[in-house]
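Asks: Can you read through this structure? Questions will come right after.
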Amino acid sequence: MMTREEVLKDLKVRFKEDIVDLFDKSPKRVYVEIRPEAIVKVGTYIFKDLQARFNVASGVDARTHMEILYHFSLEYINLLISVRVKLDRKAPAIDSLATVFKGANWIEREMNELLGIKFRGHPDMRRLLLADEWPEGVYPLRADYREWDVNAVRDRGV
Amino acid sequence: MARSVIPIGPWHPLQEEPEFFSLTVDGETVVDIDVSIGYNHRGIEKLSERKSFDQSSFVIERICGICSTSHPFAYTRAVEDIIPVEVPDRAKYIRTIVAELERIHSHLLWFGLAGHFLGYNTVYHWVWKLREEILDVCEILTGNRNNYAIFKPGGVRRDFKPDDFPLVLKKIDGIIPTLNRLKKAVLDDPVLHARLKGIGILTKEEAIDYCALGPTSRASGVARDVRKDAPYGAYDRIDWDMIVTENGDVFDKVVVRVLEVYESIKIIKACIRDLPGGEIDLNIKDIPPGEGIGAHEAPRGETFHYVRSDGTNRPARHKVRAPTFMNLPTYKATVIGETISDATIILAAIDPCYCCTERMAVRDVKGKKMYGGQDLVRLSQEKTAKIKREMGIP
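Keeping their order, the protein sequence lines are chains A and B. Read in the numbering used here, the first sequence has 136 at position 144, and its numbers run on one by one without any break. Adding 183 to a residue's 1-based position in the second sequence gives its number in the numbering used here.
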């Protein structure tokens, strides 16, 4: 198993072309920003070769762009690598990691419906959390979200 | 034999995650399973963005009644990771004690239900009585049986009183004899061996692929526990063991939970013994811009929170990931190929919210035959009774 320094050095060398920024925040946290096109390559390497555990991904509407952080834990060196990608906010889309490991399946479905990020090649992009009558194209976690139907709850007789 | 679809759920949102399972069965055997969730999606992530950092700790405590420590624990650690600060030692120990009390009562709750599903109603009542003792301890120490409201970014809200410790220790020691009988009943009972061994197996590779967490992964031989891998609170100052078994079946998941209760008791007693003095709160006033990540090993696995601050007094983004989110999809690996009478206990084995598993309905494609949730529990109990008869046990 590699040490913390070796892992970071290895990532820097291996993905020299893809890494946009590497922020070494603290002994336990590292943030790596990469080009969105490289997510499958980098994600596969971290998950399979570095034997990391995929914690979860968190999508953020940063107003100027759409951001996804993929959090990976390297349990043997107590390091959490957060891989950051910045996407175009008008039409956010990125390749799916769900084909690489099953743990990414649900969170990509969730980000798809709550933030409107498209995942290319996802095997099962059905609705996960929102109600069936929720309209298409309304994304509740976006910064400019407005309630689409203020009477919704009352109308259902809940 | 004709294939049938069995819808399970989602009627009764008793707990935090009502789920809807659709089992496709061929005769008695499950050939496919699909899960849909979201029936109780309350938008807490969005709600949290409208609350101050301090208020958010109350909101997220209400994500789950059973895990009302786990979410605030992970959240406060995420906020502390933004700054970053370390909380005072006394606060760390208090947090650890509350978290382990929660683990005990959560695991006990699950044993009771598992016992009920299997037709061991004595175990069910036995164990829930034990759980009451632990809830009493929670009330003595924090003032509440659940939703303790003791976590805040930077420390804890209330201090423990040393006068309470003798009674607390007496109550915790008091559950051990019954727990020993329970452990013996589980580990030595030939009926339970016959009933639970070899069903619902999650292999090590599948556990890694699905990123399974907590007892679900540890029963499959994946030694994964945030308390050991990334120690926090008082977990690195106290001697305790991570329970890992190899088989990945329902029996091993039971064993992991039974043995973890003993470890939790060990941790609580050590924490009370070593409880350091001093401050319990850092009185954090401002949260600088930045982002932080906090994790806590909840009874069901790692709870994960991501918080982003833009320098105001509210989180700009708050992502919550409960352990069941990662554990639920493993059904695909565990239920297919098993019989309907085993599906109840396999679905319950990852310790999801039990409302879904006790509210099931079975019907064939034409809708002629209909079983309710109680019928499925009865099927499961009858199978246990059958095994007992075959073994000649009354």
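Note that beta-carbon positions come from the ideal geometry of N, C-alpha and C, so glycine has one too. These numbers come from a predicted model, not from an experiment.
Using the Cα positions of B:Asn466 and B:Tyr303, report the straight-line distance between them to the nearest angstrom.
Replies: 49 Å
Asks: Run through the DSSP bridge pairs and tell me what B:Ser187 is partnered with.
Replies: B:Val208
Asks: Between the segment 46 to 59 of chain A and the segment 487 to 500 of chain B, do three or more beta carbon pairs fall short of 8 Å?
Replies: yes
Asks: Evaluate contact between the segment 512 to 531 of chain B and the segment 375 to 382 of chain B, counting only Cβ atoms and requiring at least three cross-stretch pairs below 8 Å.
Replies: yes
Asks: What does a CB cutoff of less than 7 Å around B:Tyr331 pick up in its chain, not counting 5 residues either side in sequence?
Replies: Ser251, Thr252, Val281, Cys321 and Thr325
Asks: Going by DSSP, which residues form a beta bridge with B:Arg491?
Replies: B:Glu474 and B:Arg500
Asks: Within 8 Å (strictly less), CB to CB, does B:Gly337 reach chain A?
Replies: no
Asks: Whole angstroms are fine: how far does the CA of B:Glu474 sit from the CA of B:Val369?
Replies: Roughly 45 Å separates the two Cα atoms.
Asks: Using the three-state DSSP reduction, which class does B:Arg546 fall into: helix, strand or coil?
Replies: Only weak support is given to the placement of B:Arg546: the predicted model assigns it a pLDDT of 37, under 50, and the question is left unresolved by the model.
Asks: Between the Cα of B:Thr207 and the Cα atoms of B:Gly221, B:Ile189 and B:Phe343, which residue gives the shortest distance?
Replies: For B:Thr207, the closest of B:Gly221, B:Ile189 and B:Phe343 by C-alpha to C-alpha distance is B:Ile189.
Asks: Within a Cβ cutoff of 6 Å, which residues of the same chain sit near B:Ile249, ignoring the five residues on either side of it in sequence?
Replies: Ser289
Asks: In terms of alpha-carbon separation, which member of A:Lys82, A:Tyr23 and A:Met(-7) lies closest to A:Gly129?
Replies: A:Lys82
Asks: Got a sec: is the Cβ-Cβ distance from A:His114 to anything in chain B below 8 Å?
Replies: no
Asks: Go through its chain and collect everything with a Cβ distance to B:Met574's Cβ below 8 Å, but skip five positions before and after it.
Replies: Pro373, Val374 and Ala377
Asks: Quickly, what does DSSP pair A:Arg21 with across the bridge? List them, please.
Replies: A:Ser18 and A:Leu72
Asks: Which partner residues does B:Ile529 have in the DSSP bridge list?
Replies: Answer by DSSP bridge pairing: none, since B:Ile529 is not bridged.
Asks: Which same chain residues, not among the five before or five after A:Tyr137, have their C-beta less than 8 Å away from its C-beta?
Replies: Val130 and Tyr131
Asks: Residues of chain A with CB closer than 7 Å to the CB of B:Ala413, please, in chain order.
Replies: Lys20 and Asn70
Asks: Which of the three DSSP states is assigned to B:Phe508 in this structure?
Replies: helix
Asks: Can you give the Cα-Cα distance for A:Arg21 and B:Thr522, rounded to whole angstroms?
Replies: 45 Å
Asks: Just the Cα atoms here: how many angstroms apart are B:Pro512 and B:Asp347?
Replies: Here the C-alpha atom of B:Pro512 lies approximately 43 Å from the C-alpha atom of B:Asp347.
Asks: What residue does the beta strand (DSSP E) around A:Asn47 start on, and which one ends it?
Replies: Arg45 to Asp53
Asks: Can you tell me the Cα-Cα spacing of B:Arg410 and B:Tyr418, whole angstroms?
Replies: Their Cα atoms are separated by approximately 6 Å.
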